[in-house]
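These notes are about the structure you will find just below.
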Amino acid sequence: MIHFKKHSGIYTLSTEQILNVPLEKAWGFFSAPENLQKITPSHMGFQITSDIDKKAYAGQIITYKVGILPGVKSNWVTEITQVNEQQFFIDEQRFGPYSMWHHEHWFEELPNGKTLMKDKISYKIPFGFLGHIAQSIFIKRQLKGIFEHRYSTLEKLFNGK
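Numbers given in the numbering used here equal positions in the sequence shown, counted from 1, plus 3.
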(Lines of atoms letter the chains of each structure in order from A and count residues from 1; the text may use other names and numbers.)
(Lines give C-alpha, C1' and ligand atoms only; values in the text may rest on other atoms or scores of the structure.)
Protein backbone atom coordinates (compact mmCIF):
# COMPACT_ATOMS: atom_id res chain seq x y z
CA MET A 1 0.00 0.00 0.00
CA ILE A 2 1.30 3.42 -0.99
CA HIS A 3 0.16 6.66 0.59
CA PHE A 4 0.95 10.25 -0.46
CA LYS A 5 0.51 13.31 1.72
CA LYS A 6 1.36 17.00 1.23
CA HIS A 7 2.37 19.31 4.06
CA SER A 8 4.18 22.67 4.02
CA GLY A 9 5.24 22.24 0.39
CA ILE A 10 6.73 18.81 1.09
CA TYR A 11 5.30 15.53 -0.17
CA THR A 12 5.51 12.31 1.82
CA LEU A 13 5.23 8.84 0.34
CA SER A 14 4.74 5.95 2.77
CA THR A 15 4.72 2.22 2.06
CA GLU A 16 4.87 -0.99 4.02
CA GLN A 17 5.29 -4.63 3.15
CA ILE A 18 5.57 -7.88 5.06
CA LEU A 19 8.45 -10.04 3.91
CA ASN A 20 8.48 -13.79 4.62
CA VAL A 21 12.10 -13.71 5.74
CA PRO A 22 13.72 -13.15 9.13
CA LEU A 23 14.83 -9.65 10.07
CA GLU A 24 18.51 -10.51 9.60
CA LYS A 25 17.96 -11.55 5.98
CA ALA A 26 15.79 -8.51 5.17
CA TRP A 27 18.35 -6.20 6.78
CA GLY A 28 21.20 -7.87 4.91
CA PHE A 29 19.47 -7.34 1.57
CA PHE A 30 18.41 -3.71 2.06
CA SER A 31 21.59 -2.51 3.75
CA ALA A 32 23.63 -3.65 0.72
CA PRO A 33 23.53 -0.68 -1.70
CA GLU A 34 24.14 -2.88 -4.75
CA ASN A 35 20.70 -4.46 -4.26
CA LEU A 36 18.96 -1.16 -5.01
CA GLN A 37 19.43 -1.81 -8.72
CA LYS A 38 17.59 -5.16 -8.35
CA ILE A 39 14.42 -3.46 -7.10
CA THR A 40 14.43 -0.43 -9.44
CA PRO A 41 12.54 -0.65 -12.74
CA SER A 42 14.95 -1.45 -15.58
CA HIS A 43 13.53 1.30 -17.84
CA MET A 44 15.09 3.87 -15.46
CA GLY A 45 18.61 2.72 -16.37
CA PHE A 46 19.64 2.88 -12.70
CA GLN A 47 23.39 2.52 -12.26
CA ILE A 48 25.53 2.97 -9.16
CA THR A 49 28.67 4.86 -10.17
CA SER A 50 30.56 4.89 -6.86
CA ASP A 51 32.49 2.08 -5.19
CA ILE A 52 30.26 0.22 -2.75
CA ASP A 53 32.35 -2.26 -0.86
CA LYS A 54 30.47 -2.10 2.46
CA LYS A 55 26.96 -2.37 3.85
CA ALA A 56 25.19 0.91 4.63
CA TYR A 57 26.96 3.01 7.28
CA ALA A 58 26.50 6.56 8.51
CA GLY A 59 28.44 8.95 6.28
CA GLN A 60 28.48 6.64 3.25
CA ILE A 61 28.19 8.55 -0.05
CA ILE A 62 26.60 6.68 -2.96
CA THR A 63 26.45 8.10 -6.49
CA TYR A 64 24.05 7.00 -9.23
CA LYS A 65 22.89 7.72 -12.71
CA VAL A 66 19.15 7.35 -13.14
CA GLY A 67 16.64 8.11 -15.87
CA ILE A 68 14.23 10.73 -14.58
CA LEU A 69 12.49 11.23 -17.94
CA PRO A 70 12.61 9.14 -21.11
CA GLY A 71 16.05 9.78 -22.61
CA VAL A 72 17.13 12.06 -19.73
CA LYS A 73 19.59 10.73 -17.14
CA SER A 74 20.49 12.56 -13.98
CA ASN A 75 23.36 12.23 -11.55
CA TRP A 76 22.15 11.56 -8.03
CA VAL A 77 24.25 11.65 -4.86
CA THR A 78 22.89 10.32 -1.57
CA GLU A 79 24.39 10.06 1.88
CA ILE A 80 23.46 7.42 4.42
CA THR A 81 23.02 9.75 7.40
CA GLN A 82 21.89 7.34 10.11
CA VAL A 83 22.03 3.60 10.70
CA ASN A 84 20.65 1.64 13.63
CA GLU A 85 21.53 -1.99 12.86
CA GLN A 86 18.48 -4.12 12.01
CA GLN A 87 16.08 -1.28 12.87
CA PHE A 88 16.43 1.57 10.36
CA PHE A 89 18.66 3.57 8.08
CA ILE A 90 18.16 6.94 6.44
CA ASP A 91 19.46 8.20 3.12
CA GLU A 92 19.33 11.84 2.05
CA GLN A 93 19.94 13.36 -1.36
CA ARG A 94 22.97 15.65 -1.48
CA PHE A 95 22.69 16.42 -5.22
CA GLY A 96 20.02 15.35 -7.66
CA PRO A 97 16.62 16.02 -9.17
CA TYR A 98 14.80 16.97 -5.95
CA SER A 99 15.16 20.06 -3.76
CA MET A 100 15.00 17.66 -0.81
CA TRP A 101 14.89 13.87 -0.48
CA HIS A 102 14.85 12.16 2.93
CA HIS A 103 14.23 8.38 2.83
CA GLU A 104 13.65 6.41 6.02
CA HIS A 105 13.86 2.59 5.82
CA TRP A 106 12.34 0.86 8.88
CA PHE A 107 12.45 -2.86 9.78
CA GLU A 108 10.49 -4.67 12.46
CA GLU A 109 10.77 -8.32 13.42
CA LEU A 110 7.43 -10.14 13.29
CA PRO A 111 6.48 -13.59 14.58
CA ASN A 112 7.08 -16.68 12.45
CA GLY A 113 10.30 -15.38 10.88
CA LYS A 114 8.71 -12.47 9.04
CA THR A 115 9.75 -8.82 8.77
CA LEU A 116 7.67 -5.68 8.44
CA MET A 117 9.45 -3.19 6.20
CA LYS A 118 8.31 0.44 6.05
CA ASP A 119 9.51 3.28 3.86
CA LYS A 120 8.83 6.95 4.44
CA ILE A 121 10.10 9.40 1.84
CA SER A 122 9.79 13.13 2.35
CA TYR A 123 10.65 15.14 -0.75
CA LYS A 124 10.38 18.62 -2.19
CA ILE A 125 10.26 19.35 -5.89
CA PRO A 126 12.11 22.31 -7.41
CA PHE A 127 10.54 24.99 -9.65
CA GLY A 128 7.81 26.19 -7.26
CA PHE A 129 4.35 26.17 -8.80
CA LEU A 130 5.59 24.34 -11.92
CA GLY A 131 7.08 21.65 -9.67
CA HIS A 132 3.70 21.16 -7.98
CA ILE A 133 2.06 20.76 -11.38
CA ALA A 134 4.75 18.22 -12.34
CA GLN A 135 4.03 16.37 -9.08
CA SER A 136 0.35 16.03 -9.88
CA ILE A 137 0.85 15.15 -13.57
CA PHE A 138 4.01 13.05 -13.59
CA ILE A 139 6.17 12.69 -10.47
CA LYS A 140 3.56 11.14 -8.17
CA ARG A 141 2.69 8.56 -10.83
CA GLN A 142 6.37 7.81 -11.48
CA LEU A 143 7.16 7.30 -7.77
CA LYS A 144 4.06 5.16 -7.35
CA GLY A 145 5.19 3.01 -10.29
CA ILE A 146 8.69 2.64 -8.84
CA PHE A 147 7.35 1.47 -5.49
CA GLU A 148 4.75 -0.82 -7.08
CA HIS A 149 7.59 -2.41 -9.09
CA ARG A 150 9.65 -2.69 -5.93
CA TYR A 151 6.72 -4.30 -4.07
CA SER A 152 6.14 -6.94 -6.77
CA THR A 153 9.88 -7.64 -7.09
CA LEU A 154 10.15 -8.19 -3.32
CA GLU A 155 7.05 -10.41 -3.38
CA LYS A 156 8.84 -12.62 -5.92
CA LEU A 157 12.20 -12.56 -4.09
CA PHE A 158 10.97 -13.12 -0.54
CA ASN A 159 7.32 -14.19 -0.61
CA GLY A 160 7.28 -16.70 -3.45
CA LYS A 161 4.64 -14.80 -5.45
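Every residue, glycine too, gets a C-beta built ideally from N, C-alpha and C.
A contact between stretches requires three or more CB pairs, one per stretch, nearer than 8 Å, and the segment 47 to 55 fails this requirement with the segment 109 to 127. In this structure, the beta-carbon distance from I149 to P36 does not fall below 8 Å. Around the beta-carbon of H10, fewer than 16 other beta-carbon atoms lie within 10 Å, marking it exposed. As a beta-bridge residue in DSSP terms, E19 pairs with K121. Across the set R144, L22 and L16, the C-alpha of L22 shows the shortest separation from the C-alpha of G116. When DSSP states are grouped into helix, strand and coil, E88 belongs to the coil group. In this model, H105 and L16 are separated by some 10 Å (Cα to Cα). Assignment of M47 by DSSP, reduced to helix, strand and coil, places it in the helix class. I128 and I65 have their C-alpha atoms spaced approximately 21 Å apart. Rounded to the nearest angstrom, the gap between the Cα atoms of G99 and F91 is 23 Å. Secondary structure of F98 (DSSP, three-state): strand. Taking every protein chain shown into account, the CB of S34 has 16 or more other CB atoms within 10 angstroms, so this residue is buried. Cβ contact annotation for L157 (same chain, cutoff 7 Å, sequence separation greater than five): Q20, L22 and I42, in chain order.
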